[in-house]
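Chains A and B, in that order, are what the protein sequence lines are.
Sequence positions in the first sequence follow our numbering and run 1 to 422.
Sequence positions in the second sequence follow our numbering and run 423 to 844.
2 protein chains.
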Amino acid sequence: MSTALLTDRYELTMLDAAVREGLADRPAVYEAFSRRLPPGRRFGVLAGQGRLGSLLADVVPGPEELEALRDVVSPETLAWLAADRPAPEVLAYPEGETYAPGSPVLTVATTFGQGLLLETLVLSVLNHDSAVASAAARMVLAAGHRPLLEMGSRRTHEQSAVAAARAAYVAGFSATSNLEAGRRHGVPTVGTSAHAFTLAHATEAEAFAAQVEAQGVGTTLLVDTYDTEQGIRTAVEVAGPDLGAVRLDSGDLHEEVHRARALLDSLGNTRTRIVVTSDLDEHAIAGLAHTQADSYGAGTSVVTGSGAPTAGFVYKLVAIERDGAMVPVAKRSSGKRSLGGRKTAFRTYDDAGRVTGELLLQGGEVPPDGARPLQQPLPPVEDLAAARARCAASLAELPDSARLLEPGTAAWTARLTTEEPS
Amino acid sequence: MSTALLTDRYELTMLDAAVREGLADRPAVYEAFSRRLPPGRRFGVLAGQGRLGSLLADVVPGPEELEALRDVVSPETLAWLAADRPAPEVLAYPEGETYAPGSPVLTVATTFGQGLLLETLVLSVLNHDSAVASAAARMVLAAGHRPLLEMGSRRTHEQSAVAAARAAYVAGFSATSNLEAGRRHGVPTVGTSAHAFTLAHATEAEAFAAQVEAQGVGTTLLVDTYDTEQGIRTAVEVAGPDLGAVRLDSGDLHEEVHRARALLDSLGNTRTRIVVTSDLDEHAIAGLAHTQADSYGAGTSVVTGSGAPTAGFVYKLVAIERDGAMVPVAKRSSGKRSLGGRKTAFRTYDDAGRVTGELLLQGGEVPPDGARPLQQPLPPVEDLAAARARCAASLAELPDSARLLEPGTAAWTARLTTEEPS
């Protein structure tokens, strides 16, 4: 299905004017970057590239899209849109990579007209998926080695939910509740039961027995429908010493985890795990670090970017051919400066292998020894395992200043070799 | 295409247990409601029902979905899923209606098993679309009679963008930049040009001339790429006295609008309008009320719910048949109480026609004279014009306390006739 209409009308009206004046086929370079991170954030995690490859491949309008565009552009521009053209060259940071203000996370080398048609879709995908991955990465750091489950599908648009499950997995979550994310992207899925299941039975014991009958004693029983202490006792009576886990979804979680662990141990269920859910964000997860919680479920805050539901990427024309040469261009109005010209990005490291910064080269400059190149061709198909591994490696090389959850400033900023640190 | 997998895995594992024990076909009632509004909000606007009708009609799994569910449920449950069943009875508040904490905005009268399969999808759609509509409605109130344009597609998931454009239109926005929202839902679309278009030309004058050539002098010229004052002078020189509008997208907007109006008037362009964009939210829009801005574009804040990206609806089993009679059920654990039993909702009014509250009836009680019933069958197809009219009418009947933008508490709460106001 064509993705041609998943765009802003002005991309088409600009194209229309450009076709009329012969500008549409002029070579041009666009870059996506963020001017700043969301307030308080110290780094970002880029995600969405694995979805973007096929979405961009489908951006060519089909007959139905051309019909819909009849009222938007001239017949000449419809003909331009219907013609075959080479696909734009798209470079991007690998999926799962960290980024900083100024990082040129995606570069499109194409023509002025074709570049316009990618803008909105590139930004929609990167802004959404990276907002989720960036929040998820903070939760992953806060959770340490404890597994995190994504269960926020119901808090966001039904298709965003699928992409959010995928982005959280890239950032290090272990699994999702979303079945479509399992089918479409291969994300592991999990799920056992909700309060409705307990409420549908005359007693909690009946509900637990039915669940154990269907799912085995290794299942997770939700114990807080009526009274948590009684719920745990009933769970152990019904499932026995091999009960897999109990889930706590309400109350003062810090207190509830301590009580649940003590009670389970006193009943002999020392191997029964404790899953904690209930609107957890990175701060709540960090607050549970010294409890005996075994794993966490996060919903609303991960799918809505934990206070930053969009990553703030913009997509700007940075160079265009004029009189046979590529010329850097940039907006100059107040508060929204951009840096003209195509950039090549390298991450720099200290002797311990921690990130020290990010260099942007524009000419024939040679990157310093040990600097890591960040841009590569956008893969046409997704490799979710590679993205997840990339994210884990990039989180491991973050400087300590980036790992703090407290509000702060960006741990580094991507800058030209000629710029002074600000 | 089936929407059966746009759901949480636990809905299916609960169904599986219920099928095995013969509970799946037991008559049951579920309700969607919010326990509280997002922090500081005084009312909400419900949206998404027009999308939900067809999404719920497609929730029956097809062969591919049944194949994908083979690892999730037993063969017996697969057979249950493949069998024909009457569609659930779904009642909802009309799209565009306002709501309060406790409003039973959607009611599903069905069986225990079928009700499970709707939960995640119902919540995804209502939580997303209502978050956008609720934020949009505050912007509409702040803008007064000035038109609002939705242009946030690039700040949210590519499919959320389409739904967000639709929800903002329901709430009273005049148009969207999103072309797919135009095709799929009939929302009016607008768009002229961006900074890239100016940057692609050797001079601003060349860019403006090309745009006027393609779109006519009635177009909107973006005047802040280099220097706004010079941009306005150039726009007037190129387009003449009938230039439609100038767009301001940066700087101190309050100041910029004053300067632009004075300059346009001094140049004789008294009819040229001023469109203000640049990350506007309801507070920024209210702050521009006393300027001579003519219309506003809102992006990030409308599509992300202006600080509240999800509406907070939950979906709960409220009654189930037991021993031949429907029995109310509700969770009792701390902090997340629900109200058992199926509810019928009526809005009440003062003599001036302003909302005073919302009554929930559970038995054979008679609603007070003049109370308006809020629930109706979920329409199978959308009627966007009706939703937009419903929202305008419901916003007009809000009490003054609900119309304030300052953080406050819910203007009313839906409550049982037997409950005391809290």
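Here a beta-carbon is modelled for each residue, glycine too, at the ideal position from N, C-alpha and C.
Remember, predicted model here, so these are calculated numbers, not experimental data.
**Study point:** Residues within the stretch 73 to 101 of chain A neighbouring chain B, beta-carbon criterion of under 7 Å
**Key:** none
**Study point:** Neighbour list for Asp-58 (chain A) in chain B, Cβ cutoff strictly below 9 Å
**Key:** Residue numbering aside, residue 58 (chain A) sits at position 58 when the first sequence is read from its first letter. What Asp-58 (chain A) touches in chain B: nothing, since even the nearest Cβ is about 11 Å away.
Review point. In whole angstroms, what is the alpha-carbon distance linking Ala-79 (chain A) and Gly-574 (chain B)?
Key: Locating residue 79 (chain A) in the first sequence gives position 79, counting from the first residue. Locating residue 574 (chain B) in the second sequence gives position 152, counting from the first residue. Near 29 Å, if we compare the C-alpha coordinates of Gly-574 (chain B) and Ala-79 (chain A).
Review point. Taking just the CA atoms, how far does Arg-754 (chain B) sit from Thr-840 (chain B)?
Key: As a working mapping, residue 840 (chain B) is identified with position 418 in the second sequence. As a working mapping, residue 754 (chain B) is identified with position 332 in the second sequence. Taking the straight line joining both Cα atoms gives about 19 Å.
Review point. Taking Cβ positions only, does Gly-53 (chain A) come closer than 8 Å to chain B?
Key: Along the first sequence, one-based indexing puts residue 53 (chain A) at 53. By this cut-off, Gly-53 (chain A) is not an interface position.
Review point. For Ala-175 (chain A), which residues does DSSP report across the bridge?
Key: Indexing the first sequence from 1 puts residue 175 (chain A) at position 175. Paired residue(s): A:Leu-149.
**Study point:** Enclosing beta strand (DSSP E) for Phe-313 (chain A) [first to last residue]
**Key:** Against the first sequence, residue 313 (chain A) aligns to sequence position 313. Counting along the chain, the beta strand (DSSP E) containing Phe-313 (chain A) begins and ends at 313 to 322.
Check your understanding: Helix, strand or coil for Thr-642 (chain B) per DSSP?
Key -> Here residue 642 (chain B) is taken as the residue at index 220 of the second sequence, counted from 1. Of the three classes helix, strand and coil, the one that applies to Thr-642 (chain B) here is strand, per DSSP.
Review point. Contact check, Val-612 (chain B) vs Leu-643 (chain B) under 8 Å by CB: the rounded distance?
Key: The residue labelled residue 612 (chain B) in the question sits at position 190 within the second sequence. The residue labelled residue 643 (chain B) in the question sits at position 221 within the second sequence. So it is not a contact: roughly 14 Å between Cβ atoms.
Exercise for review: Enumerate, from N- to C-terminal direction, the unbroken alpha helix (DSSP H) stretches of 4 or more residues contained entirely within the stretch 256 to 308 of chain A.
Suggested key: 282 to 287 and 300 to 303
**Study point:** Ala-555 (chain B) vs Ala-469 (chain B) beta-carbon contact at 8 Å
**Key:** Locating residue 555 (chain B) in the second sequence gives position 133, counting from the first residue. Locating residue 469 (chain B) in the second sequence gives position 47, counting from the first residue. A contact, by the Cβ cut-off of 8 Å.
Exercise for review: Tell me where the alpha helix (DSSP H) around Pro-75 (chain A) begins and ends.
Suggested key: Numbered from 1 along the first sequence, position 75 holds the residue referred to as residue 75 (chain A). First-last of the alpha helix (DSSP H) with Pro-75 (chain A): 75 to 82.
Practice item. Would you check if the distance between the CB atom of Pro-497 (chain B) and the CB atom of Leu-491 (chain B) is smaller than 8 Å? Key: On the second sequence, residue 497 (chain B) is found 75 positions in, with the first residue counted as 1. On the second sequence, residue 491 (chain B) is found 69 positions in, with the first residue counted as 1. Not a contact, by the Cβ cut-off of 8 Å.
Review point. How is Leu-404 (chain A) classed by DSSP in three states: helix, strand or coil?
Key: Numbered from its first residue, the first sequence carries residue 404 (chain A) at position 404. Note: Leu-404 (chain A) maps to coil in three-state DSSP.
Practice item. Buried or exposed for Ala-391 (chain B), please, with buried defined as at least 16 other CB atoms from any protein chain shown within 10 angstroms of its CB. Key: For residue 391 (chain B) there is no data in the structure shown, the boundaries of chain B being 423 and 844.
Review point. In whole angstroms, what separates the C-alpha of Tyr-718 (chain B) from that of Ala-57 (chain A)?
Key: Locating residue 718 (chain B) in the second sequence gives position 296, counting from the first residue. Locating residue 57 (chain A) in the first sequence gives position 57, counting from the first residue. Between Tyr-718 (chain B) and Ala-57 (chain A), the C-alpha separation is close to 34 Å.
Check your understanding: So, is the C-beta of Val-275 (chain A) closer than 8 Å to a C-beta in chain B?
Key -> Here residue 275 (chain A) refers to the residue found at position 275 when the first sequence is read from its first residue. Not closer than 8 Å to any Cβ of chain B, the Cβ of Val-275 (chain A) fails to qualify, so no.
Review point. What whole-angstrom Cβ distance do Val-45 (chain A) and Ala-171 (chain A) have, given they're in contact under 8 Å?
Key: For the purposes of this step, residue 45 (chain A) is identified with residue 45 of the first sequence, where counting begins at 1. For the purposes of this step, residue 171 (chain A) is identified with residue 171 of the first sequence, where counting begins at 1. Going by Cβ atoms, the distance from Val-45 (chain A) to Ala-171 (chain A) rounds to 6 Å, so yes, they are a contact pair.
Review point. Ordered along the chain, which non-local residues of its own chain (more than five positions away) have a Cβ less than 6 Å from that of Asp-551 (chain B)?
Key: Start at 1 with the first residue of the second sequence, and residue 551 (chain B) comes out as number 129. Correct list, in chain order: Ala-469, Gly-470, Ala-585 and Ala-589.
**Study point:** Short Cβ contact (8 Å threshold) for Val-481 (chain B) with Ala-426 (chain B)
**Key:** As a first step, residue 481 (chain B) must be located in the second sequence, where it is residue number 59. As a first step, residue 426 (chain B) must be located in the second sequence, where it is residue number 4. In contact: Val-481 (chain B) and Ala-426 (chain B) (Cβ atoms closer than 8 Å).
Exercise for review: Could you work out which residues of chain A lie near Tyr-432 (chain B), taking near to mean beta carbons separated by less than 8 Å?
Suggested key: Reading the second sequence from its first residue, position 10 is the one you call residue 432 (chain B). Simply Ser-177, Gly-191, Thr-192, Ser-193 and Ala-194.
Review point. Closest to Thr-694 (chain B) by CA distance: which of B:Val-658, B:Gly-729, B:Asp-701 and B:Glu-804 is it?
Key: Residue mapping note: residue 694 (chain B) aligns to position 272 of the second sequence, counting from 1. When each option's Cα is compared against that of Thr-694 (chain B), the closest is B:Val-658.
Point to revise | Under 9 Å (Cβ pairs) to chain A, residues found in the stretch 579 to 592 of chain B | key: His-579, Glu-580, Gln-581, Ser-582, Ala-583, Val-584, Ala-585 and Ala-586
Point to revise | Cβ pair Val-257 (chain A), Ala-293 (chain A) closer than 8 Å | key: To locate residue 257 (chain A), count along the first sequence from 1; it is residue 257. To locate residue 293 (chain A), count along the first sequence from 1; it is residue 293. Yes.
Review point. Where do the N-terminal and C-terminal ends of the beta strand (DSSP E) with Ser-456 (chain B) fall, by residue?
Key: Walking along the second sequence from the start, residue 456 (chain B) turns up at place 34. Note, Ser-456 (chain B): beta strand (DSSP E), 449 to 456.
Practice item. Identify whether Met-1 (chain A) lies in helix, strand or coil by the three-state DSSP scheme. Key: As a position in the first sequence, residue 1 (chain A) is number 1, starting the count at 1. Coil, per DSSP.
Check your understanding: From Ile-696 (chain B) to Gly-666 (chain B), what does the alpha carbon distance come to, in whole angstroms?
Key -> For the purposes of this step, residue 696 (chain B) is taken as residue 274 along the second sequence, with counting starting at 1. For the purposes of this step, residue 666 (chain B) is taken as residue 244 along the second sequence, with counting starting at 1. So the two alpha carbons sit approximately 9 Å from each other.
Review point. Applying a beta-carbon distance threshold of less than 7 Å, which residues of chain A neighbour Val-751 (chain B)?
Key: Counting from one through the second sequence, the residue named residue 751 (chain B) turns up at place 329. Going along chain A in sequence order, the residues near Val-751 (chain B) (Cβ under 7 Å) are Leu-199.
Review point. Roughly how many whole angstroms lie between the Cα atoms of Ser-422 (chain A) and Ala-616 (chain B)?
Key: Translated into the one-based positions of the first sequence, residue 422 (chain A) becomes position 422. Translated into the one-based positions of the second sequence, residue 616 (chain B) becomes position 194. Unreliable positioning characterises Ser-422 (chain A) in this predicted model, as indicated by a pLDDT of 48, which lies under 50. The coordinate reading is nonetheless provided below. Rounded to whole angstroms, Ser-422 (chain A) to Ala-616 (chain B) spans 29 Å at the Cα level.
Practice item. Could you name the residues of the stretch 252 to 285 of chain A whose beta carbon sits closer than 7 Å to any beta carbon of chain B, in the order they occur along the chain? Key: none
**Study point:** Cβ pair Thr-726 (chain B), Pro-104 (chain A) closer than 8 Å
**Key:** Sequence index remark: in the second sequence, residue 726 (chain B) carries index 304 (1-based). Sequence index remark: in the first sequence, residue 104 (chain A) carries index 104 (1-based). No, they are not a contact pair.
Check your understanding: To which residues of the same chain is Gly-408 (chain A) closer than 6 Å at the C-beta, ignoring the five residues directly before and after it?
Key -> Taking the first sequence and counting its residues from 1, one reaches residue 408 (chain A) at position 408. Cβ within range, chain order: Arg-42.
Exercise for review: Assess, as a yes-or-no matter, whether the stretch 598 to 613 of chain B is touched by the stretch 818 to 828 of chain B under the definition of 3 or more beta carbon pairs within less than 8 Å.
Suggested key: no
Review point. Got a sec: is the Cβ-Cβ distance from Tyr-226 (chain A) to anything in chain B below 8 Å?
Key: In the first sequence, residue 226 (chain A) corresponds to position 226, counting from 1. True, the Cβ-Cβ gap to chain B drops below 8 Å.
Practice item. Buried or exposed for Pro-461 (chain B), please, with buried defined as at least 16 other CB atoms from any protein chain shown within 10 angstroms of its CB. Key: Within the second sequence, residue 461 (chain B) is the residue found at index 39, counting from 1. Label assigned to Pro-461 (chain B): exposed.
Check your understanding: Quick one: is Met-1 (chain A) near chain B, going by C-beta distance under 8 Å?
Key -> By one-based count along the first sequence, residue 1 (chain A) stands at place 1. False, the Cβ-Cβ gap to chain B never drops below 8 Å.
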